[in-house]
Structures are given as structure tokens and as C-alpha cells.
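Numbering (the UniProt record's numbering), first residue to last: 1 to 190. Yeah, the Cβ is synthetic: ideal placement off N, Cα and C, and Gly gets one too. What follows is a set of notes on a single structure, which appears directly below.
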Amino acid sequence: MKKLYLLFCIVFFICFTFNTTIAGGYEKITSNAKISAAISALETVDRNDVIAILSGRNSTGKPIRVMFRNLAIYGCTQCEAFTAKTRGGDLVIYINEEHKDAPVETLACLIAHESQHHTFTNTRAEELRAWVSETTTWNAFVRKNRSVAYLNHPLVKRENYISKLYVRQNGVDNIRQLIAKNPVYANLEK
């Protein structure tokens, strides 16, 4: 009986530790292990500002939920991710479920981008801030581990492209032009 009790305690301890590790302290933000890993990756490149926004230091004062979703049901088949406000006033970042297999670094970059939309000002300035947040996060990951830039995934190609735009002319002008030419942002205030 003692052996059975000891075995039960060991299994319970292992399961409890595993669940805590998966959640990584982000259970109010996500229940998805991959998204939790992406948020943890933000810590490794000192993007604690993004984590703070996700954790509730935002316009709602509540954590922002992050999850994978089929964005086609929202008419956003070409979107990588977007931020929505629920009827209850909560914010949710939906990442296109096509990217469930994406490297965590690229998911972290999308999260960094979308976290900037917590103010819902809907301006080109907000969009520019979001794109700059995304690309500076990607550049930090690449500085930390150059091999991530060579991974074969559509989001890696996206991040490399945006990074090149950002590096040219040392900053935001190319990204500002990209936003201005994109029909999705045509109706945004300048």
C-alpha cells in the first residue's frame, strides 16, 4: 500500500509540474502550449513590454487572450493574425490556424505585432508601431540565433521580408510605404 501511495504521489507531482511548465504562467493568456512557448520566447529577447500588455497593462486592464483560429470565418483568409474586441470588452488575438506548425519565434513576432492594437485607435501610426514591434522582435531573435532566419516556413519568409524593409533606410519609411499601399489599411487615419 505504501508503494502504491508513493507511486501516486510521484505521478501527481510529475503531472502537476508538467502542467505548470506547459502553462508557463500564461494560463490567463492562452491554453495552447505552442503559444505559451512563443510568449516565453519573448522573454528571451527582452520583450517584457509585450508580455506586460498581454498580461493586462493595456487599455482594458485585462489579460489579452491569444489563440489559433480559422480566420476564414471572419473573412480574413489572407490575414496572419488580428486582434478583436469581444462583446464583453475583452481583447483576443487570433492567429491563423494555418500557422500551428510555425516556429515559436515567428508566432512571438505576430503576438508582438498584434499586442500593439490594444488601444484600438485604428490609425496608420498604430499600425506602424505594430509592424516595427514585429520586426524588431524578429531581429532580436535572429541576433540571438541566426539559424531561425533560414527555417522553411511562410512566416519566416514574411519576417525576413519585413526585416529587410526595416533595415533599408534604417527604419520605418519602407514599412510606412507598405502600410500606405496595402488596401487593408486604406481607410485608416493618418
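- According to DSSP, residue pairing for Tyr94 in a beta bridge involves Met67, Phe82.
- Per DSSP, the continuous alpha helix (DSSP H) segment holding Val50 begins and ends at 48-55.
- Taking a C-beta distance under 7 Å as the contact criterion, Val50 and Ala112 qualify as a contact pair.
- Membership of Cys109 in the alpha helix (DSSP H) is indicated by the continuous run 104-115.
- Taking 7 Å as the cut-off, the Cβ atoms of Glu43 and Cys109 do not count as close.
- According to DSSP, Glu189 shares a beta bridge with Thr123.
- Contact between Leu54 and Ser115 holds: CB atoms are separated by about 6 Å, below the 8 Å threshold.
- In the structure shown, Asn182 adopts coil according to DSSP, grouped into three states.
- Relative to the Cα of Lys85, the nearest Cα in the group Ser31, Ala102, Phe120, Glu189 belongs to Phe120.
- The shortest CA-to-CA distance from Phe68 to any of Trp138, Ile95, Arg129, Gly61 is the one to Ile95.
- Contact between Asn122 and Leu188 is confirmed by a C-beta separation of about 6 Å, below the 8 Å threshold.
- Rounded to whole angstroms, the gap between the alpha carbons of Glu80 and Pro154 is 10 Å.
- Just measuring C-alpha positions, the residue of His118, Asn182, Val172, Lys157 sitting nearest Glu105 is Lys157.
- Annotation: the continuous alpha helix (DSSP H) that includes Leu155 extends over 154-167.
- When the five nearest sequence neighbours on each side are left out, the beta carbons in the same chain lying within less than 6 Å of the beta carbon of Ile39 are those of Tyr26, in order along the chain.
- If you compare the alpha carbons of His117, Thr77, Glu97 with that of Asn32, the shortest gap goes to Glu97.
- Shown here for Ile162: same chain residues with a beta carbon closer than 6 Å to its own, the five before and five after excluded, namely Thr135 in chain order.
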